[in-house]
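Visitor: Residues 1 to 319, numbered by the UniProt record's numbering, are exactly what the sequence shown covers, in order. Glycine residues also receive a C-beta, built at the ideal position from the N, C-alpha and C atoms.
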Amino acid sequence: MDDYNTLLLDIYHAARTLPADEFPAVLMAMLRVAVGFDFARMLRADISSGAVVVHGCIMDNIPTDNALDWETIQRQDVVLPHVLAHPGKPVSFHCGTLFAAPPHAIMRDYVQRYEHRNGLAVMLPDAETGLVDGLSLYRAHDAAHFGLRQKQLVQWLMPHLQEALKLNRQLAMATDLPPAHGALLIAEANGAIQHCAASALALMVAEWPGWHAVRLPTALLEALRRTGVDRYTGKHLVAHCQRYRTLLFLRVTARSPLMQLSRRELQVAGLYGQGMRAKAVAKALNITPATARNTLQRVYLKLDVHDKAALAVLLRQPQ
Numbered sequence: 001m002d003d004y005n006t007l008l009l010d011i012y013h014a015a016r017t018l019p020a021d022e023f024p025a026v027l028m029a030m031l032r033v034a035v036g037f038d039f040a041r042m043l044r045a046d047i048s049s050g051a052v053v054v055h056g057c058i059m060d061n062i063p064t065d066n067a068l069d070w071e072t073i074q075r076q077d078v079v080l081p082h083v084l085a086h087p088g089k090p091v092s093f094h095c096g097t098l099f100a101a102p103p104h105a106i107m108r109d110y111v112q113r114y115e116h117r118n119g120l121a122v123m124l125p126d127a128e129t130g131l132v133d134g135l136s137l138y139r140a141h142d143a144a145h146f147g148l149r150q151k152q153l154v155q156w157l158m159p160h161l162q163e164a165l166k167l168n169r170q171l172a173m174a175t176d177l178p179p180a181h182g183a184l185l186i187a188e189a190n191g192a193i194q195h196c197a198a199s200a201l202a203l204m205v206a207e208w209p210g211w212h213a214v215r216l217p218t219a220l221l222e223a224l225r226r227t228g229v230d231r232y233t234g235k236h237l238v239a240h241c242q243r244y245r246t247l248l249f250l251r252v253t254a255r256s257p258l259m260q261l262s263r264r265e266l267q268v269a270g271l272y273g274q275g276m277r278a279k280a281v282a283k284a285l286n287i288t289p290a291t292a293r294n295t296l297q298r299v300y301l302k303l304d305v306h307d308k309a310a311l312a313v314l315l316r317q318p319q
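#1: Can you give the Cα-Cα distance for T113 and H94, rounded to whole angstroms?
#2: What does the alpha-carbon distance come out to for the pair P159 and E188?
#3: I'd like the span of the beta strand (DSSP E) that includes I186, first residue to last.
#4: Kindly indicate the opening and closing residues of the alpha helix (DSSP H) around A197.
#5: Nearest by alpha-carbon distance to Q162: which of A312, H195, A34 is it?
#6: Roughly how many angstroms separate the alpha carbons of D109 and A223, rounded to a whole number?
#7: Return the first residue and the last residue of the alpha helix (DSSP H) that V281 is part of.
#8: So, does the stretch 42-53 touch the stretch 142-156, judging by three or more C-beta pairs under 8 Å?
#9: To which residues of the same chain is P19 closer than 6 Å at the C-beta, ignoring the five residues directly before and after it?
#10: Taking the alpha carbon of T233 as the reference point, which residue from T6, V33, E207, H212 has its own alpha carbon closest?
#11: State the DSSP-derived secondary structure class of G119, mapped to helix, strand or coil.
#12: Decide if R277 is buried, meaning its Cβ has at least 16 other Cβ atoms within 10 Å, or exposed.
#13: Out of Q74, L315, A192, V78, point me to the one whose CA is closest to L247's CA.
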């Protein structure tokens, strides 16, 4: 019990003191010593629709391209429904036995390629967000089964792992980054997602249909890697990026309809939205009243608004 208490103190100390880009790896290293495993994955997901929609993923000694393979086999994973049905209760399994039947050929191939021969998995709901946090540990040796002690330890630790990761993210956002508008998405420099808010996920999927919150889309990652680029504008979203050590903190917002307007159209819309009449707008911009009225008609058509009040509402939205 003393060892367990010391481990908890170490975890929370690390959560409070380590930068957000270092803490997940240190947490996994501490867990590796305590439980013993060769590979690990910790994910945050939404299961409200019946499917597992990933919002963030931390992987230890697992290649990033594994995420795509896991997406293709998760519906055949018989462990997943069990841990979802028994929240907070770890289950251990021997993959060779579990997937021995002929229908599980794809699972056997997956297990062999990634050496996930013995596993220990648990899921725990997060009452604050409505999401679930899942931890999967694997051993490569066929005879290296997870026992009762490891199951009990993971059951005790899982709520603290969940809380420590939240604490570390909150401290990083509160102390190291200025406040910003938009839904938060945190990724590593290689594109691996650590955290993705639900509203950010919805916008990302609208921009890249079928996207899963495991790795940043290639187009977005490549744009952010260009020197000096801290903003990405897509068809449906705008992502502002702040770099903190080796992490990317993205604030994702819906793309404003105002981005369709030309510089002159924005000028006319801005003055008209402040209450000016067409003649006053024309005088302020040194254009003819007819030009002001024609420009305003184009603004209404592009923004699909029909009066000054609706235009003013759009102009007040954060850009």
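Guide: According to the data block:
#1: For the purposes of this step, residue 113 is taken as the residue at position 113 of the sequence shown. For the purposes of this step, residue 94 is taken as the residue at position 94 of the sequence shown. First, the residue type needs correcting, since residue 113 is Arg and not Thr in the sequence shown. So the two alpha carbons sit approximately 15 Å from each other.
#2: In the sequence shown, the residue the question calls residue 159 occupies position 159. In the sequence shown, the residue the question calls residue 188 occupies position 188. Distance between the alpha carbons of P159 and E188: 24 Å.
#3: Counting from one through the sequence shown, the residue named residue 186 turns up at place 186. Unbroken beta strand (DSSP E) run through I186: 183-188.
#4: Locating residue 197 in the sequence shown gives position 197, where the first residue counts as 1. Per DSSP, A197 belongs to no alpha helix (DSSP H) and is neither H nor E.
#5: For the purposes of this step, residue 162 is taken as residue 162 along the sequence shown, with counting starting at 1. The shortest C-alpha separation from Q162 is found at H195.
#6: In the sequence shown, the residue the question calls residue 109 occupies position 109. In the sequence shown, the residue the question calls residue 223 occupies position 223. Rounded to the nearest angstrom, the two C-alpha atoms are 35 Å apart.
#7: As a working note, residue 281 is residue 281 in the sequence shown. Element bounds for V281: 278-285.
#8: no
#9: By 1-based counting over the sequence shown, the position of residue 19 is 19. Once the five neighbours on either side are set aside, the close Cβ partners of P19 are R245.
#10: As a position in the sequence shown, residue 233 is number 233, starting the count at 1. It is E207 whose Cα lies nearest to the Cα of T233.
#11: Sequence index remark: in the sequence shown, residue 119 carries index 119 (1-based). Note: G119 maps to strand in three-state DSSP.
#12: Here residue 277 is taken as the residue at index 277 of the sequence shown, counted from 1. The residue in question, R277, is exposed, as its Cβ has fewer than 16 Cβ neighbours within 10 Å.
#13: Position 247 of the sequence shown, counting from 1, holds the residue named residue 247. It is A192 whose Cα lies nearest to the Cα of L247.
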